[in-house]
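Before any comments, here is the structure.
In mature numbering (1 follows the signal peptide of the UniProt record, and there is no 0), the protein residues as written are -31 to -1, 1 to 254.
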């Protein structure tokens, strides 16, 4: 997608200043058409430029803000960006995180997201650890999250989940309980989390369990006040408005390179907008 690596700057004041202005508002991809226009609020005490808006999505991936995510403060991740030159993000989940269907590792959503964020957060080295495991359900991922957080100490966790639980017919109540307890554990360990929802797959539109799991994840995110990226709504909008675009691999279920590009753009957009939330203190023990 042509994202360059950001030139490093030194000094805490430079990093805080860059975050106050927050980002270089280049398009998330070179092409753009009817970009989203969520007007965020500066969070670090400095006034945002009056015309500042969220960075535009590419023409292929553009969706209404209402079909993507509502901003939620990320106090611990914000603090890490302000204090350090290097931030670490754990991307964990199933095949959509692993990159099943992509042409190579550079086209997976975590790799594309890392490039976007490095190009956006000038002066920051963004490291995204990909821990996708195809076929895994939330209960198993929850255990891995605890191990990875203890070992890698990430500044942010991106948890893509739900699809395999729906396919495995895990009861929505059990799935919700697993996600909720893990989110609460992450809060207790001063780690912000983003829940990345299920993909839109036409063959599963009428699957009641798929809908129940999707709704349960969205409900837990709202009740726990954590950022939720609605992949389903975003992908459905693209499918319904751009029939010539194909986000799916040949199996009709996993994503292709364009699908992963859009996933990366959508997660990046949700993160960047949320970083403009009014300043909130990081969680404490």
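Even glycine gets a Cβ: it sits at the ideal position worked out from N, Cα and C.
Quantities reported herein were computed from a predicted structural model and do not represent experimental measurements.
Which of the three DSSP states is assigned to residue i in this structure?
i: residue 41; result: coil
i: residue 1; result: With a pLDDT of 35 at residue 1, under the threshold of 50, the modelled position of this residue cannot be trusted, and the question is left open.
i: residue 219; result: coil
i: residue 118; result: helix
i: residue 245; result: coil
i: residue 167; result: coil
i: residue 139; result: coil
i: residue 26; result: coil
i: residue 214; result: coil
i: residue 151; result: helix
i: residue 112; result: helix
I think residue i touches residue j, with their Cβ atoms under 8 Å apart; what is that distance to the nearest whole Å?
i: residue 233; j: residue 127; result: The pair is not a contact, with the Cβ atoms about 11 Å apart (cut-off 8 Å).
i: residue 95; j: residue 129; result: The pair is not a contact, with the Cβ atoms about 18 Å apart (cut-off 8 Å).
i: residue 243; j: residue 40; result: 4 Å
i: residue 49; j: residue 56; result: 5 Å
i: residue 170; j: residue 222; result: 6 Å
i: residue 235; j: residue 200; result: 7 Å
i: residue 106; j: residue 148; result: That belief does not hold up - the Cβ atoms of residue 106 and residue 148 are roughly 11 Å apart, past 8 Å.
i: residue 37; j: residue 198; result: 7 Å
i: residue 189; j: residue 158; result: Incorrect: roughly 18 Å between the Cβ atoms, too far for contact.
i: residue 74; j: residue 80; result: 6 Å
i: residue 111; j: residue 160; result: About 13 Å separates the two Cβ atoms, so there is no contact after all.
i: residue 240; j: residue 162; result: That belief does not hold up - the Cβ atoms of residue 240 and residue 162 are roughly 12 Å apart, past 8 Å.
Inspect the beta-carbon positions of residue i and residue j and report whether they are closer than 9 Å.
i: residue 186; j: residue 204; result: no
i: residue 182; j: residue 135; result: yes
i: residue 143; j: residue 46; result: no
i: residue 196; j: residue 43; result: yes
i: residue 62; j: residue 229; result: no
i: residue 279; j: residue 29; result: Outside the modelled stretch of the chain, which goes from -31 to 254, sits residue 279, for which no answer is possible.
i: residue 202; j: residue 141; result: no
Considering just the uninterrupted stretch of the beta strand (DSSP E) at residue i, what are its terminal residues?
i: residue 77; result: First-last for residue 77: undefined, no H or E at that position.
i: residue 197; result: 196 to 198
i: residue 60; result: 55 to 62
Terminal residues of the continuous alpha helix (DSSP H) containing residue i?
i: residue 129; result: Looking at the DSSP string, residue 129 is not in any alpha helix (DSSP H); the run it does join, the beta strand (DSSP E), is 125 to 129.
i: residue 186; result: 177 to 193
i: residue 94; result: Run containing residue 94: none in the alpha helix (DSSP H); it sits in the beta strand (DSSP E), 94 to 101.
Kindly identify the DSSP beta-bridge partner or partners of residue i.
i: residue 162; result: 126
i: residue 224; result: 217
Kindly say whether residue i, judged by its beta-carbon, lies nearer than 9 Å to any beta-carbon of chain C.
i: residue 201; result: Among the protein chains of the structure shown there is no chain C, as only one such chain exists.
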